[in-house]
């Protein structure tokens with residue numbers, strides 16, 4: 001594992017910096033004129049790569065001028081490599097910095113936007129501890145894991161139009177619910193609104209037929225933090241027999257920086273031991289999950305923050321590459337900008353659970369926060385996901401994925 | 001119900017013409033230069049509306065120049081009305097036809113393409129006979145309808161990238177399957193590949209919050225025939241607990257002409273009687289389903305066609321407006337080009353079943369075709385959906401939704 005790549009941008013060299021030269025994550029920012037520009041984070045700055053391309057320092061067929069990363073991603077992995085090499089050379093310690101200073105904009109001065117246009121959003125269910133916890137709650141310990149769970153990375157299609165960038169407020173949804181006490185269903189604001197701590201994989205290279213796991217791994221451009229806001233009471237009533245639908249369609253928040261697969265390369269790790277071997281089309285040929293520390297913070301309106309969960313992406317039983325291979329197995333075309341959620345990531349301990357459903361055991365065991373308790377989200381709560389991979393003397397930070405929950409709107413007449 | 005609107009384009013006045021002046025369906029065509037152009041069908045011709053806009057006969061902010069109907073749809077229902085009024089005036093019997101002849105291109109000379117870019121695809125489950133048949137097969141007659149079925153239009157998100165236009169060949173998919181006789185799952189070509197006869201609603205007007213049923217009705221631009229190709233054996237193994245995924249992602253075929261809600265207005269009809277009242281947010285304020293006769297034809301490679309099913313869209317328990325209202329209830333943003341499949345449409349009789357799963361009762365009762373029998377699709381079979389609404393002296397035809405099934409590809413190494 002190599003150490004810190006030093007940059008002439010000093011703030012990038014701090015051991016706790018999220019965005020050292022090793023990282024170079026992809027985002028979209030705007031200044032006062034509200035134009036969306038492609039940028040790359042470095043230390044306390046965003047590199048205006050759209051400007052660098054116009055000035056002739058970079059050449060990627062104008063894809064950096066589009067205000068979104070989709071067209072660049074679709075150029076394929078050679079372009080991804082070339083941009084990383086070019087930026088590393090331009091901003092490395094010792095490189096000529098004179099003309100480049102003007103392309104550095106303080107992060108504090110920019111507004112961040114969706115880094116890519118989500119083509120379609122798929123959400124998986126790949127953490128064994130999460131699936132076991134939820135299965136135990138609703139079907140009992142002996143039937144916790146569905147029969148197919150150890151054989152395929154179970155997933156469902158989500159709703160791309162509901163994906164928003166970190167910092168966007170989220171409205172508590174209305175929906176049809178029917179609890180065990182109800183004689184008939186009711187239409188009401190969700191009383192069990194929840195988070196899901198996930199990693200999102202961004203497909204960069206389009207494809208039109210079945211992919212091997214190795215091909216799929218190469219097609220993934222990078223990763224974001226992902227919070228799949230979930231209305232548990234709506235889900236319980238709607239999900240049989242065709243799966244979650246409106247319970248998952250209010251919003252899914254993502255962090256604003258796509259952390260490239262290249263930056264995460266030193267942190268690849270093997271998945272948990274397989275209880276049964278996978279069929280050949282889903283077998284990996286090396287470690288394809290990542291050692292990424294993850295946490296969830298909850299801050300009530302006007303209160304102080306509590307870290308309510310700590311876990312690690314290495315808990316995932318299936319890698320994003322395996323999920324993408326499975327996704328394409330039937331011939332399903334995949335597009336640049338497809339977003340694959342890992343599924344809620346929970347670890348073996350109680351404090352490593354990635355949803356409030358698990359943390360409070362569906363409300364039966366409310367958990368403590370500074371100045372109170374919680375079972376599910378209350379009005380005005382801000383939920384924040386954070387994550388980083390820890391190298392020798394540097395870290396690859398994801399930044400934050402944050403959202404505040406506002407009260408439900410009054411019902412339409 | 002008004003009668004035929006006569007046109008100076010004589011082929012549009014035949015009583016059995018699919019595309020009289022009353023219809024004016026929206027499509028996208030190309031000639032030898034392969035440029036995609038917006039067109040409207042009339043009799044045996046396509047009206048080059050992109051050309052009409054360039055020549056100043058129409059003015060819709062250049063949206064007819066985009067080679068796809070999404071931008072026009074997003075202009076909203078006033079524009080939809082204005083285009084229909086303008087075309088009706090230009091092509092009515094007695095109108096000045098001189099300069100317009102050059103904008104009429106024989107349908108026989110064009111190639112048809114996807115009429116719109118599918119933003120996202122949602123598939124519902126709104127035919128009671130279909131849900132009852134499937135439920136009876138897999139859960140027994142006493143548990144046929146899921147408990148939520150009479151209260152919400154159950155739906156799931158499908159895969160937009162897999163939607164193709166009529167005439168596109170479809171490859172039999174590979175997938176993971178496990179039958180009752182299998183000790184362990186296998187990866188194999190689907191042995192139960194099937195059709196689903198559906199109507200697809202095309203959302204035209206975008207929205208960002210909950211819609212009433214009345215608002216939702218007004219936001220629907222039009223309808224297409226839709227065949228949601230389905231791998232029943234893959235579905236059976238994968239669908240618990242998160243719903244259908246790869247079983248539905250190989251392809252969904254649609255007919256090339258969007259039949260406008262305006263053209264179907266005379267054919268609105270009331271849904272089947274409600275067994276239990278719907279909650280207020282899902283109640284309609286008038287008839288919102290349609291009387292549209294539908295059929296499915298099967299033609300083996302080198303053989304002759306058999307009509308294997310006849311049914312009617314009036315069998316749908318939930319209208320597309322109710323589905324769209326439900327879809328938006330949690331605040332889910334809807335986009336121009338969202339496609340909502342009705343779910344398989346089956347009627348009360350055996351010959352009115354809209355899938356081979358139902359027609360052959362999951363293979364237990366193979367049905368007859370000219371020169372053979374079928375349980376599910378065999379190699380080289382061409383499946384064609386057709387539909388029309390019947391007025392006084394005219395019909396609103398949908399054209400065809402056709403696809404031929406090719407053998408599965410060899411497995412990748």
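Protein chains in written order, with full-length UniProt numbering: chain A, 1 to 413; chain B, 1 to 413. Glycine included, C-beta positions come from ideal geometry on N, C-alpha and C.
Q. With C-beta atoms as the reference, is residue 343 of chain B less than 8 Å away from residue 126 of chain B?
A. If you number the second chain from 1, residue 343 of chain B lands on position 343. If you number the second chain from 1, residue 126 of chain B lands on position 126. If you check the CB distance, residue 343 of chain B and residue 126 of chain B come in under 8 Å.
Q) For residue 347 of chain B, does the count of other Cβ atoms within 10 angstroms reach 16, so buried, or fall short, so exposed? A) The residue labelled residue 347 of chain B in the question sits at position 347 within the second chain. With 16 or more other Cβ atoms within 10 Å, it is buried.
Q. Which value, in whole angstroms, describes the spacing of the CA atoms of residue 8 of chain A and residue 89 of chain A?
A. As a first step, residue 8 of chain A is located in the first chain; it is residue number 8 there, counting from the start. As a first step, residue 89 of chain A is located in the first chain; it is residue number 89 there, counting from the start. Taking the straight line from one Cα to the other gives about 11 Å.
Q. Thinking C-alpha only, which one of A:29, A:407 and A:296 is nearest residue 369 of chain A?
A. Taking the first residue of the first chain as position 1, residue 369 of chain A is located at position 369. Taking the Cα of residue 369 of chain A as reference, the smallest distance to any Cα among A:29, A:407 and A:296 is reached at A:296.
Q. Since residue 69 of chain A and residue 262 of chain A are thought to touch, with beta carbons under 8 Å apart, how far apart are those beta carbons, to the nearest angstrom?
A. The count along the first chain starts at 1 and reaches residue 69 of chain A at position 69. The count along the first chain starts at 1 and reaches residue 262 of chain A at position 262. Contact between residue 69 of chain A and residue 262 of chain A fails: their C-beta atoms lie close to 14 Å from each other, not under 8 Å.
(Q) Can you give me the C-alpha to C-alpha distance between residue 332 of chain B and residue 170 of chain A, rounded to a whole angstrom? (A) The residue labelled residue 332 of chain B in the question sits at position 332 within the second chain. The residue labelled residue 170 of chain A in the question sits at position 170 within the first chain. Using only the alpha carbons, I get a separation of about 11 Å.
(Q) Against chain A, which members of the stretch 286-303 of chain B pass a CB distance test of less than 7 Å? (A) Within the stretch 286-303 of chain B, no residue qualifies.
Q) Quick one: complete beta strand (DSSP E) runs, 3+ long, within the stretch 248-283 of chain B? A) The qualifying runs are 252-254.
Q) For the stretch 180-205 of chain A, which residues have a CB atom closer than 7 Å to at least one CB atom of chain B, in sequence order? A) From the stretch 180-205 of chain A, only 185 and 187 have a Cβ closer than 7 Å to chain B.
Q.
Are the CB atoms of residue 93 of chain A and residue 159 of chain B within a distance shorter than 8 Å?
A. Reading the second chain from its first residue, position 159 is the one you call residue 159 of chain B. Reading the first chain from its first residue, position 93 is the one you call residue 93 of chain A. A distance of 8 Å or more separates the beta carbons of residue 159 of chain B and residue 93 of chain A.
**Q.** DSSP state of residue 315 of chain A mapped onto helix, strand, coil
**A.** Counting from 1 along the first chain, the entry for residue 315 of chain A is found at position 315. It is helical.
Q | Helix, strand or coil at residue 362 of chain B [DSSP, three-state] | A | For this step, residue 362 of chain B is matched to residue 362 along the second chain. In the structure shown, residue 362 of chain B falls within a coil segment according to DSSP collapsed to helix, strand and coil.
Q) Out of curiosity, what's the CA-to-CA distance linking residue 134 of chain B and residue 144 of chain B? A) Indexing the second chain from 1 puts residue 134 of chain B at position 134. Indexing the second chain from 1 puts residue 144 of chain B at position 144. For residue 134 of chain B and residue 144 of chain B, the distance between alpha carbons rounds to 7 Å.
Q) Where does residue 1 of chain B sit, in a helix, a strand or coil, going by DSSP? A) Start at 1 with the first residue of the second chain, and residue 1 of chain B comes out as number 1. Reliability fails at residue 1 of chain B, whose pLDDT of 49 lies under 50, so the model's placement of it is uncertain and no value is given.
**Q.** Start-to-end residues for the alpha helix (DSSP H) that takes in residue 47 of chain A
**A.** On the first chain, residue 47 of chain A is found 47 positions in, with the first residue counted as 1. Taken as a continuous stretch (DSSP letters only), residue 47 of chain A belongs to no alpha helix (DSSP H), being part of the beta strand (DSSP E) at 45-48.
Q: Give the residues of chain A in contact with residue 429 of chain B, contact being defined as C-beta atoms less than 7 Å apart.
A: Because residue 429 of chain B is not part of the residues shown, which for chain B are 1 to 413, the question remains open.
Q) Where does residue 59 of chain A land, buried or exposed, given buried means 16+ other C-beta within 10 angstroms? A) Taking the first chain and counting its residues from 1, the one referred to as residue 59 of chain A is at position 59. The residue in question, residue 59 of chain A, is exposed, as its Cβ has fewer than 16 Cβ neighbours within 10 Å.
(Q) Please list, in chain order, the chain B residues whose beta carbon lies closer than 7 Å to that of residue 151 of chain A. (A) Position 151 of the first chain, counted from the start, is the residue given in the question as residue 151 of chain A. For the C-beta of residue 151 of chain A, the chain B residues within less than 7 Å are, from N- to C-terminus, 176 and 185.
Q: Closer than 7 Å by C-beta to residue 284 of chain A: which residues in its own chain qualify, once you throw out the five before and the five after it? Chain order, please.
A: Working through the first chain from its first residue, we reach residue 284 of chain A at position 284. Excluding residues up to 5 positions away in sequence, 213, 319, 321 and 322 lie with their Cβ nearer than 7 Å to the Cβ of residue 284 of chain A in the same chain.
Q) Taking a cut of 8 Å between CB atoms, which residues from the stretch 223-248 of chain A lie near chain B? A) Per Cβ criterion, the list reads 231, 234, 237, 238, 239, 240, 241, 242, 243, 244, 245, 246 and 247.
Q | Which listed residue (A:252, A:276, A:260 and A:288) has its alpha carbon closest to that of residue 268 of chain A | A | Numbered from its first residue, the first chain carries residue 268 of chain A at position 268. Ranking A:252, A:276, A:260 and A:288 by CA distance to the CA of residue 268 of chain A puts A:288 first.
Q: Name the two residues that bound the continuous alpha helix (DSSP H) containing residue 328 of chain B.
A: One-based indexing of the second chain puts residue 328 of chain B at position 328. It spans 320-328 - the alpha helix (DSSP H) in which residue 328 of chain B sits, taken as one unbroken run.
Q: Give me the Cβ distance between residue 45 of chain A and residue 105 of chain A, rounded to the nearest whole Å; I'm assuming they're in contact under 8 Å.
A: Counted from its first residue, the first chain places residue 45 of chain A at position 45. Counted from its first residue, the first chain places residue 105 of chain A at position 105. The beta-carbon separation of residue 45 of chain A and residue 105 of chain A, rounded to 6 Å, stays under the 8 Å limit for a contact.
Q) Is it true that the CB of residue 49 of chain B sits closer than 8 Å to the CB of residue 25 of chain B? A) In the second chain, residue 25 of chain B corresponds to position 25, counting from 1. In the second chain, residue 49 of chain B corresponds to position 49, counting from 1. Not in contact: residue 25 of chain B and residue 49 of chain B (Cβ atoms no closer than 8 Å).
Q) What is the DSSP secondary structure of residue 22 of chain A, counted as helix, strand or coil? A) The residue given as residue 22 of chain A occupies position 22 in the first chain. It is coil, neither helix nor strand.
**Q.** Best match in B:244, B:178, B:211 and B:202 for proximity to residue 154 of chain B [C-alpha to C-alpha]
**A.** Position 154 of the second chain, counted from the start, is the residue given in the question as residue 154 of chain B. Of the candidates B:244, B:178, B:211 and B:202, B:244 places its Cα closest to the Cα of residue 154 of chain B.
Q | Reduced DSSP secondary structure (H/G/I, E/B, other) of residue 376 of chain B | A | The count along the second chain starts at 1 and reaches residue 376 of chain B at position 376. DSSP places residue 376 of chain B in coil when its eight states are reduced to three.
Q | Option in B:6, B:209 and B:218 with minimal Cα separation from residue 77 of chain B | A | For the purposes of this step, residue 77 of chain B is taken as residue 77 along the second chain, with counting starting at 1. Comparing Cα positions, the closest option is B:218.
Q) Excluding five sequence neighbours on each side, which residues of the same chain lie with their C-beta closer than 6 Å to the C-beta of residue 33 of chain A? A) Numbered from 1 along the first chain, position 33 holds the residue referred to as residue 33 of chain A. Within the same chain, no residue comes within 6 Å of residue 33 of chain A by CB-CB distance, once the 5 residues on both sides are set aside.
Q | Residue range of the alpha helix (DSSP H) that includes residue 237 of chain B | A | On the second chain, residue 237 of chain B is found 237 positions in, with the first residue counted as 1. Where residue 237 of chain B is concerned, the enclosing alpha helix (DSSP H) stretches over 232-238.
Q) Hey, does residue 250 of chain B have any beta-carbon neighbour from chain A nearer than 8 Å? A) In the second chain, the residue the question calls residue 250 of chain B occupies position 250. For residue 250 of chain B, the answer is yes, since a Cβ of chain A falls inside 8 Å of its Cβ.
Q: Step through the CB atoms of chain A and report whether any lies within less than 8 Å of the CB of residue 335 of chain B.
A: Looking up residue 335 of chain B in the second chain gives position 335. So yes, residue 335 of chain B belongs to the interface.
Q: Identify whether residue 334 of chain A lies in helix, strand or coil by the three-state DSSP scheme.
A: For the purposes of this step, residue 334 of chain A is taken as residue 334 along the first chain, with counting starting at 1. Strand at residue 334 of chain A.
Q. Taking the DSSP output, what are the residues bridged to residue 207 of chain B?
A. The count along the second chain starts at 1 and reaches residue 207 of chain B at position 207. Looking at the DSSP assignment, residue 207 of chain B forms a beta bridge with B:334.
Q: Please compile the residues from chain A whose C-beta is within a distance smaller than 8 Å of the C-beta of residue 155 of chain B.
A: By 1-based counting over the second chain, the position of residue 155 of chain B is 155. Those within 8 Å of residue 155 of chain B in chain A are 242 and 245.
**Q.** Interface flag, residue 266 of chain A vs chain D, CB-CB below 8 Å
**A.** The structure shown contains no chain D; its protein chains are A and B.
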